[in-house]
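The letter at position 73 of the sequence shown is residue 73 when you use UniProt numbering, and the numbering goes up by one with no holes.
Every residue, glycine too, gets a C-beta built ideally from N, C-alpha and C.
Notes follow the structure.
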Amino acid sequence: MSDRIGTVRAVSFSPTGSTRRVLRSIAAGIGAARVQEDSLDRPAWREAGVQVGDDELLLVGMPVYAGRVPGLFHGGLPVRGTGDAVCVVSYGNRAYEDALSELVGLTRRAGFRVVAAGAFVTEHSLNGRIAAGRPDEADTALMEAFGRQVAAKLRDRAACEVPIRVPGHEPYKAYAPIPLVPELDPERCERCGRCALVCPVQTIDPGNYRVTDPSRCIACFACVRYCRAGARSLAEPARSAFERKMEALREACQARREPEIFL
């Protein structure tokens with residue numbers, strides 16, 4: 001890669017859009033001539049994969065699920081290339097645990113040299129009261145500053161040869177996502193089809209908008225977040241149990257966590 005960054009390939013899995021917004025702010029700081037966004041949010045896109053050119057910088061981002069990257073990617077990252085990469089995770093102000101280390105490992109196994117990594121706080125996908133309003137202006141400024149640091153490091157080829165180290169422990173903790181499946185209230189449903197469109201595992205029937213295979217649901221809550229009619233929620237007694245769990249989590253996560261970067 002030349003001293004001037006030509007293209008940043010911003011590749012994300014971001015069902016609720018938070019991680020994608022983080023990558024956009026970092027890319028703005030990098031100041032590349034061109035930014036191309038690639039999404040891994042749909043099965044067909046993951047199956048097709050993303051091929052990154054040797055002269056392009058990969059900026060890859062994932063949300064943290066249960067302290068790890070989403071289970072859809074435990075077997076490998078559907079991205080290939082041999083150039084430089086920056087790894088980013090977003091999380092809801094609790095902890096990112098092994099997720100950043102796992103993403104760095106997946107990216108290296110996909111053929112890339114990881115030159116930088118970062119963990120950034122975004123509004124919790126399951127409870128908007130946790131880290132509400134984040135990323136805020138201060139977060140965005142730090143994301144852009146991180147992007148500028150990445151650009152500066154890429155101009156120092158000797159620095160890029162030194163492998164970065166991020167927190168995390170292998171073998172990674174057992175993956176135990178919350179087993180929750182939002183259900184449809186057909187009387188409130190406006191039949192707009194957005195829930196079926198945004199579901200990253202395509203388990204919502206576009207004909208009746210009901211979940212066809214609950215075992216495939218990854219509890220990303222994209223269908224809840226994007227439903228304008230509020231037609232999706234948890235059924236009792238799961239709803240009450242979930243609300244108690246989220247309130248306890250909110251109480252435990254009130255202290256503001258700041259972004260962590262590794263260069």
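According to the DSSP assignment, residue 113 belongs to the beta strand (DSSP E) that extends over 113-121. Between residue 263 and residue 173, the C-beta gap is not smaller than 8 Å, which leaves the two residues out of contact. In the three-state reduction of the DSSP assignment, residue 65 falls in the strand class. Around the beta carbon of residue 208, fewer than 16 other beta carbons sit within 10 angstroms, so the residue counts as exposed. Taking a C-beta distance under 8 Å as the contact criterion, residue 120 and residue 139 qualify as a contact pair. Rounded to whole angstroms, the gap between the alpha carbons of residue 20 and residue 11 is 8 Å. In this structure, 178 is the residue among 178, 63, 109 with its C-alpha nearest to the C-alpha of residue 218. The C-beta of residue 102 has 16 or more other C-beta atoms within 10 Å across all chains shown, which makes the residue buried. In the three-state scheme derived from DSSP, where H, G and I count as helix and E and B as strand, residue 107 is classed as helix.
Distance from the CA atom of residue 58 to the CA atom of residue 132, rounded to whole angstroms, is 29 Å. Within the DSSP secondary-structure output, residue 7 pairs in a beta bridge with 34, 56. Annotation for residue 22: 61, 88, 90, 120, 122, 135, 143 place their beta carbon closer than 7 Å to its own, counting only its chain and skipping 5 residues before and after. For residue 98, DSSP assigns no beta-bridge partner whatsoever.
Distance between residue 194 and residue 240, taken at the CA atoms: about 26 Å. According to the DSSP assignment, residue 85 belongs to the beta strand (DSSP E) that extends over 84-91. In the structure shown, the three-state DSSP call for residue 170 is coil. In this structure, residue 16 sits away from residue 56, with a CB-CB distance that is not shorter than 8 Å. Within the model, the alpha-carbon separation for residue 182 versus residue 257 is close to 29 Å.
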